[in-house]
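Comments concern the structure below.
In the working numbering, the protein residues as written are 160 to 1322.
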């Protein structure tokens, strides 16, 4: 875990004419032999640094402005200028040493530092890094003409950013809309649908004025809260719509209260149900709540293309966004068919009246619908500008139609209209119509389900967010104003039609009251008409029976028909534009890889032509069905699901308490947004319960799919923020609970270095920590602090990403230290959080200890001592081939680079000349064959690839195979546990956990313990009883009674030869010489020490003999680690013990717990 790096040398040569702006260059070459301190001992871990780029910086001037800076450097001094200089610009690699008129590279706050790369609002500029400000200046500043003014204004760009911004410049002619044309017009056209002209009068007739207004109010409030939540999520800074929210909520209250008050006055203070007002109010509530949520979302950052999908995905993450985005895009595509079929049905009705049918009603709808959708597609493909102009024209027609209705209510009624139930404004009619009068099969919720789709459409502006000049301002302002205007219009029409037209009328001008006739007490009776027969037989006129009431009431009937055409065509056109835009944004994020084809845009507006074609095909398919009664509820539920998620996004972002959640809309409330989400879900079931179930099933399926695929995106969603908050709360809550032995689990610090360099050590550690304990892969960087910290910081994210990619549930941590032991000591003390602190140290066995320098051995053994001092258990893992495969990885990287170069050269040759290219490629393959360069197989996430063809000696094939041995499923065999010393039970717990893993489940535990020869059966029974109480299954128990006998001479001779070169042999020398040798080599093994621990040495050698005898065929050996008493056992002797103990054996785990219980048999 150490790093061998050359020092970073400062070459402080001073030029003769020193300038305040001339600074010295750091020699950052790691190959400089002069910088290497050869006296430093080699380190345990070998990790190579990547070479750092050596950039030269220069300052240039814009042409024509150089004279302003001619005196910038004179005689080594700086002259004052009035220019405002940018401190630093990373795009041109330029230091600019003027901030507040002082020589500094520190930069003042500027918006360019916070932009994303390729931002359409301007270039991104990188501020000076902390390293550049913190370290002493070590770069030469060369002044070159051409860019100082540009740099001072933050306009410098790197090559990549220049290319990106050039692409943006090419699109600078794109059409962008303001809040009126882009949002207000679209939302109004979508909200004012056919419902306004055809069904609103029927709703008033069924529910009454009071309940009808409440239905409208509830629908509008839900959608309004969603809109405001969206605005809060999408803007981040200035309040741009709080007053709009207040106005909407206030107006909703005023209109509802006014309606109820008017009804109370008209009925002498007695409100008889008021269900019409309630229905309208309910719709207003739904729309308003949705608007509030949308406003909150939109005001929490820059909004780009994608509308509802963009807002939800960036707030809740790709799982929710991806699932609802696909549903929402599909719903808009089918909505095109719905609106077009509505238009076609109206045309067919007109054809029927004039007896001009082409074929039959169904086929006529198909023909007219197909022609209409083709024309609408042509308008959309022509460009957003043409589509916006068409929308404005349709809005004008719609406004004229609405105004025509209101004018018609004050035009005196004639006898024909009176016979059809229209009597102008009458208090008696208002009072009669205020209460509900539901016909058979109808009720509050059924009427609300019919009306609510009229309140949808608030996302029409948000869906083209990428085509808006300022989405943060336009979406809240346009959406909320559209909700306000349309709400007033709906309520106004409902009240007016309820005050002018009776519920039932015969249409017979002769049904007047003759003097002497009994009056039934109805409003019509009081006005001279007798419609009493409508109680016994169906009538064709009145609010309850005639869907064309608005045409009858209006001043000029054909204008209402034009309004119906305008409402249907505008809604269809808006949906035809929305669906491809949302779908394109979804495809660009590559959440569904199969849909990447539709991400491409064309022209300056990046028009999704492929998306238009797909939407056209879907719309045509449903138009040809010509029967949408079944699919219509599902579409409404799809829209409502989007609204629910927008509301939930606003609540979730607020609840996560992320510092990044700073919506400009301050009037929203997270609990109001949650209420809006719940209300939307409730409305879904009210409209159609089975359609709601289908919607949730589809959304859940897509959510699971996206979660499984795990798209490689990071949008800083509130889901991430809430995960952090939950983890923090749980960690803090855990600290309040005392540790209990039943909850003990191995929590390991694993000294792997880079996790990819010692995969076998990580695999065996992960095997007993996965899903049960903490695992931290640790690396210690040893060397010059500056280089180590830089290398450490640059590799942190990469190595953690490697762990995630390989599905290893572990953390990566690194420290920079002066020596390896100091670094590990820091990790042992500071790693972990609260109760989640490591309790076990896992290290690999040091195979090269005989050749290693003294400092490395002292560090290695010292780490074990430090762990015991901190009461941390130790696990030492030994495999025959060792763990470090860094050399193999280096060879693989070099081969991959060669392969990439070969492929690049091959592609270049093909591009230049296909014929010559083929010959050149053949030649290249021949050369590659001579060089023995072969293509390496593709890497897999969970394994380290081996290289099949390389020069002998370049790497050890056996080492690579050994590095993957713990990734493979272990066949039937045994894990032999030599539980020689009671360390609290860790030596037994680790192998037990291993047997629970899929790869080790076929291995049985065999327990070996020491005992007396004359008590073998008793001790075996006692151990079996103990293991049974621990509930640990075992295959066999062996009591070893001859551990303490002397080993055979051959084994002892091997041990003596092993330690011979490290012995002092002071007994063979005179006292003076012996004392001198002790002072010069205090680390050597003295005769006195060897004699004092001779019995322990015998035991280690004898144990190896027993291990060879009993466990040579085991899959894994778990063995009690001998403890070296500090100050009594020398480092070399201890290493010899470990060597002789584990020599020539299968993989061995030497385990020693901290002598605190980790097993218990108490419940």
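We treat Cβ as the ideally placed atom computed from N, Cα and C, and that holds for glycine. Only a predicted model underlies this, so the values are computations on that prediction, with no experimental measurement involved.
For the candidate residues the options, whose alpha-carbon lies nearest to that of residue i?
i	options	result
residue 814	746, 1021, 833	833
residue 602	366, 759, 799	366
residue 673	662, 687, 667, 666	687
residue 1308	1237, 340, 1038, 930	1038
residue 691	586, 712, 663, 450	663
residue 639	809, 347, 569, 893	347
residue 1219	1249, 1119, 1195, 1232	1249
residue 735	745, 619, 827	619
residue 763	541, 484, 1283	541
residue 1272	519, 689, 1135	1135
residue 1275	1298, 1149, 1208, 1209	1149
residue 501	1169, 725, 372	725
residue 931	1263, 1155, 1140, 770	1155
Would residue i and residue j qualify as a contact pair, given that the criterion is a beta-carbon distance under 8 Å?
i	j	result
residue 1211	residue 1277	no
residue 899	residue 1142	no
residue 652	residue 564	yes
residue 768	residue 525	no
residue 567	residue 666	no
residue 611	residue 777	no
residue 1256	residue 1214	yes
residue 712	residue 668	no
residue 360	residue 718	no
residue 468	residue 450	no
residue 806	residue 836	yes
residue 728	residue 553	yes
Roughly how many angstroms lie between the CA atoms of residue i and residue j, to the nearest whole one?
i	j	result
residue 374	residue 606	9 Å
residue 1304	residue 997	29 Å
residue 575	residue 671	12 Å
residue 1217	residue 1294	10 Å
residue 991	residue 479	32 Å
residue 487	residue 551	25 Å
residue 593	residue 657	8 Å
residue 1084	residue 1062	Bear in mind that the predicted position of residue 1084 carries a pLDDT of just 40, short of 50, making it unreliable; the figure below should be weighed with that in mind. Approximately 11 Å, taken between the alpha carbons.
residue 957	residue 647	57 Å
residue 586	residue 342	38 Å
residue 860	residue 850	15 Å
residue 906	residue 1147	15 Å
residue 331	residue 494	With a pLDDT of only 48 at residue 331, under 50, the local geometry of the prediction cannot be trusted, and the value read off the model is given with reservation. Roughly 32 Å between the two C-alpha positions.
residue 1000	residue 934	10 Å
residue 955	residue 1012	29 Å
residue 1106	residue 1043	Low local confidence applies: a pLDDT of 41 at residue 1106 is under 50, so the model's placement there is unreliable, with the coordinate-based value given in what follows. Those two C-alpha atoms are separated by around 16 Å.
residue 473	residue 839	21 Å
residue 1355	residue 699	In the structure as shown, the chain starts at 160 and stops at 1322, and residue 1355 therefore has no counterpart that could be examined.
residue 1366	residue 1053	Residue coverage of the chain in this structure runs from 160 to 1322, which leaves residue 1366 outside it and unanswerable.
residue 1152	residue 738	53 Å
residue 1281	residue 1311	8 Å
residue 583	residue 364	16 Å
residue 1026	residue 1019	11 Å
residue 212	residue 1191	Bear in mind that a pLDDT of 35 at residue 212, under 50, signals an unreliable position, so the number given afterwards is only what the model happens to contain. The alpha-carbon atoms of residue 212 and residue 1191 are separated by roughly 57 Å.
For residue i, list the residues DSSP reports as bridge partners.
i	result
residue 663	In DSSP, residue 663 forms no bridge with anything.
residue 938	973
residue 1163	1133
residue 1199	1169
residue 581	660
residue 336	627
residue 671	688
Does the beta carbon of residue i sit closer than 8 Å to a beta carbon anywhere in chain B?
i	result
residue 681	Absence of chain B from the displayed structure is noted, only one protein chain being present.
The region 936–943 touching the region 910–918, judged by at least three CB pairs closer than 8 Å:
Here the region 936–943 makes contact with the region 910–918; the two share three or more CB pairs at distances below 8 Å.
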